[in-house]
Amino acid sequence: MRNKFADAIYEISKTNPRICALVADISPAGSMVKFREEFPKRFINCGVAEQAMIGIAAGMALKGMRPFCYTIATFSLYRPFEMVRDDLAYQNLPVTVIGMGAGVIYSTLGGTHHTMEDIAVASAIPNMTVLAPCDPEEMRLATTWCATESTGPVYMRLGKAGEPDLTSGAVDPFEVGKLRYIVRGEGDLCILTYGITMKMAFDVADRVRAKTGKRPSIVSVHTIKPLDEAGVLAALNAHARTVVIEEHVPHGGLASRVKEIAWDNGVTNSVKSVTLKDEFIHFYGSYEELLARHGLEAGAITDNL
Amino acid sequence: MTLKAFDPLIARKRCMSYRRRILEISQQVQALHAAGAFSCLEMVDVIYNGLMRGAAGNSLDTFMMSKGHGCMAQYVILEDLGILSRRDLDLYCKPEGRLGCHPDYGVPGIEASTGSLGHGMGLATGMAYTERHVNKGDGLIFTVLSDGELQEGSTWECMMMAANLEVDNLICFLDHNGMQSFGNTVETHPRFYPIREKLEAFNWETAEVNGHDAAAIFDAVTRRKGDRPFMLIGNTVKGRGVSYMEGGAIWHYRSPNPEEYAQALAELTEISS
Chain A
1311 MRNKFADAIY EISKTNPRIC ALVADISPAG SMVKFREEFP KRFINCGVAE
1361 QAMIGIAAGM ALKGMRPFCY TIATFSLYRP FEMVRDDLAY QNLPVTVIGM
1411 GAGVIYSTLG GTHHTMEDIA VASAIPNMTV LAPCDPEEMR LATTWCATES
1461 TGPVYMRLGK AGEPDLTSGA VDPFEVGKLR YIVRGEGDLC ILTYGITMKM
1511 AFDVADRVRA KTGKRPSIVS VHTIKPLDEA GVLAALNAHA RTVVIEEHVP
1561 HGGLASRVKE IAWDNGVTNS VKSVTLKDEF IHFYGSYEEL LARHGLEAGA
1611 ITDNL
Chain B
6 MTLKAFDPLI ARKRCMSYRR RILEISQQVQ ALHAAGAFSC LEMVDVIYNG
56 LMRGAAGNSL DTFMMSKGHG CMAQYVILED LGILSRRDLD LYCKPEGRLG
106 CHPDYGVPGI EASTGSLGHG MGLATGMAYT ERHVNKGDGL IFTVLSDGEL
156 QEGSTWECMM MAANLEVDNL ICFLDHNGMQ SFGNTVETHP RFYPIREKLE
206 AFNWETAEVN GHDAAAIFDA VTRRKGDRPF MLIGNTVKGR GVSYMEGGAI
256 WHYRSPNPEE YAQALAELTE ISS
């Protein structure tokens, strides 16, 4: 995803002189080098100084720019939280904060690098839009929207690298603010997810289909805020069972929002969620192994549905 | 664009009338922060009435108040320049109004929301960078920081970057009144002093003056080399102009009672006459 993000920024910047990129001692690979070389005045490496990155981006936006701030998710949002809140959101400035490598993808780096609460943190801020595209193409479309159409701050959660194409055969087009059916099933089970967990959703769907013969719906909830409440409600009512799969702590993310919508609207169909545990797990292994420790593993999820 | 004619004697009288107006609007709602507005008033006056080029409300340059709690100094000047109305100030901190104890983006003449300390240096650096290197314009960015703000790490993150970013159009003023909520800054951080050398170590151009001496402030800024970011350390007195407020930390929060208010107005009248 990070390469595709760099490609997208580069392409947009060729025709839009208001796009600028600020990084905090980490850069997306690939086209970001071309961006830096061709538009040197629109690229700032702030160094290991995330508060400066957000504050300077806000100042640039106040003078007409559309900055993108890029670093590892924990540092892009948690360290400069007050700058994100006051400088960007309170003033409603069109700055996109990229949280790269969110979730527990940096498994062996430990809890300091695990971004397990970012959706809750970002969603809690008024004016903030929260996006989490599920594959490189969704990410490209989301980045284009941030660069050209957003009117306020955006927090965008990205994976790291190597995410597969999952949306080329999607039922619905990508539209910010609307959930998107990637696969429309027969009404038995609906899987709601976002971000790189989409790959796991496909795995679960395959297992369910092998077990029951029924094809589940798979939905990308790429816009977590503002959440497509009508779309979520329609999905809940159109399926006998819904499960939210989310690489995020149990509170404050998509799962709890879906349950709110279900409760508020008297939905009687089954709603379950599978999330990260509300724990810092001191475990050093692969990404998949750490997810499994949290209970996010396709086989176990399928067995518990 | 050229600078306005700046007369320090007229500025002195103007600042005394500004102080009276600050007291008047704050007294109506028993608002806090008058003493902090008094300490930076001459610097803000020099910026608006001496250094900013172009017509009021349509300046080539930008002022942003990093020490947001000093915003009454800004409000009374914006009123004087016709950018804010008398009604705006009369409704200060009242339900029908739009002016609060900290400046709010979207209000005429207010370039950014500030108040939480440690944000202004980043905002100003981003503005200055865009003006100079992207828009390739001549606009200057002025900002006033409090000495307490220098204790925020975020200020130093940007201070460290500013010279590298070649924002020679960034002109900062430090309202060095030596006080913060808990007491004297020199007691909170004795090893922080002297300040000036630390700024220069980051390749800032600096000058240090009496922050209530309008002529000295104006001269220091207009005589700067201008090839680096510039910081004017203005040595000021919290509550300047009202005897019982001067140097009293409590006046960061307290408002005068009716007797104190009358005394303050009398003192300011004596000074201005």
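Listed in order, the protein sequences are those of chains A and B.
For the first sequence, the numbering used here gives the first residue as 1311, with consecutive numbering after it.
For the second sequence, the numbering used here gives the first residue as 6, with consecutive numbering after it.
Note that the Cβ used here is the ideal one computed from N, Cα and C, for glycine as well.
Let me confirm a value: residue i is counted as buried when at least 16 other C-beta atoms fall within 10 Å, else exposed. Which label applies?
i, result
"residue 35/B", "exposed"
"residue 143/B", "exposed"
"residue 154/B", "buried"
"residue 1592/A", "exposed"
"residue 54/B", "buried"
"residue 1429/A", "buried"
"residue 1575/A", "exposed"
"residue 1561/A", "exposed"
"residue 114/B", "buried"
"residue 1596/A", "exposed"
"residue 99/B", "exposed"
"residue 146/B", "buried"
"residue 1590/A", "exposed"
Tell me, please, whether the CB atom of residue i is closer than 8 Å to any CB atom in chain B?
i, result
"residue 1400/A", "yes"
"residue 1359/A", "yes"
"residue 1375/A", "yes"
"residue 1356/A", "yes"
"residue 1468/A", "no"
"residue 1370/A", "yes"
"residue 1510/A", "no"
"residue 1319/A", "no"
"residue 1427/A", "no"
"residue 1396/A", "yes"
"residue 1352/A", "yes"
"residue 1393/A", "yes"
Quick check on residue i: does DSSP put it in helix, strand or coil?
i, result
"residue 1409/A", "strand"
"residue 1394/A", "helix"
"residue 251/B", "coil"
"residue 1433/A", "helix"
"residue 1401/A", "coil"
"residue 1475/A", "coil"
"residue 1513/A", "helix"
"residue 1592/A", "coil"
"residue 193/B", "helix"
"residue 115/B", "coil"
"residue 1579/A", "coil"
"residue 1613/A", "helix"
"residue 178/B", "strand"
"residue 76/B", "helix"
"residue 43/B", "helix"
"residue 1418/A", "helix"
"residue 1354/A", "strand"
"residue 1453/A", "helix"
"residue 1458/A", "helix"
"residue 35/B", "coil"
Looking at the C-beta of residue i, does it have a partner C-beta in chain A at a distance below 8 Å?
i, result
"residue 1/B", "Nothing can be reported for residue 1/B: it is not among the residues displayed for chain B, which extend from 6 to 278."
"residue 118/B", "yes"
"residue 227/B", "no"
"residue 163/B", "yes"
"residue 121/B", "yes"
"residue 62/B", "no"
"residue 128/B", "yes"
"residue 166/B", "yes"
"residue 277/B", "With a pLDDT of only 46 at residue 277/B, under the threshold of 50, the placement of this residue in the model should not be trusted; the figure read from the coordinates follows. Judged by the 8 Å Cβ criterion, residue 277/B is not in contact with chain A."
"residue 138/B", "yes"
"residue 22/B", "no"
Apart from the five residues just before and just after residue i, which ones in its own chain have a Cβ nearer than 6 Å to its Cβ?
i, result
"residue 1611/A", "1514, 1584"
"residue 1537/A", "1567"
"residue 258/B", "37"
"residue 160/B", "123, 126, 154"
"residue 205/B", "211"
"residue 1342/A", "1316"
"residue 1572/A", "1546, 1581"
For residue i, which residues from the same chain have a beta carbon less than 7 Å from its beta carbon, with the 5 sequence-adjacent residues on both sides left out?
i, result
"residue 278/B", "Bear in mind that a pLDDT of 41 at residue 278/B, under 50, signals an unreliable position, so the number given afterwards is only what the model happens to contain. None."
"residue 1504/A", "1442, 1444, 1530, 1531, 1532, 1534, 1564"
"residue 285/B", "No information on residue 285/B is available, as it lies outside the stretch 6 to 278 that chain B covers here."
"residue 82/B", "23, 49, 50, 53"
"residue 1382/A", "1336, 1410, 1411, 1423"
For the alpha helix (DSSP H) containing residue i, list its first residue and its last residue.
i, result
"residue 315/B", "Past the edges of chain B, shown from 6 to 278, lies residue 315/B, and the structure says nothing about it."
Using a Cβ-Cβ cut-off of 8 Å (strictly less than) and excluding sequence neighbours within five positions of residue i, which residues of its own chain qualify?
i, result
"residue 91/B", "84"
"residue 1459/A", "1486"
Need the endpoints of the beta strand (DSSP E) that residue i sits in, please.
i, result
"residue 1604/A", "From DSSP, residue 1604/A is part of no beta strand (DSSP E) but of the alpha helix (DSSP H) over 1597-1604."
"residue 1504/A", "No beta strand (DSSP E) holds residue 1504/A; DSSP gives it neither H nor E."
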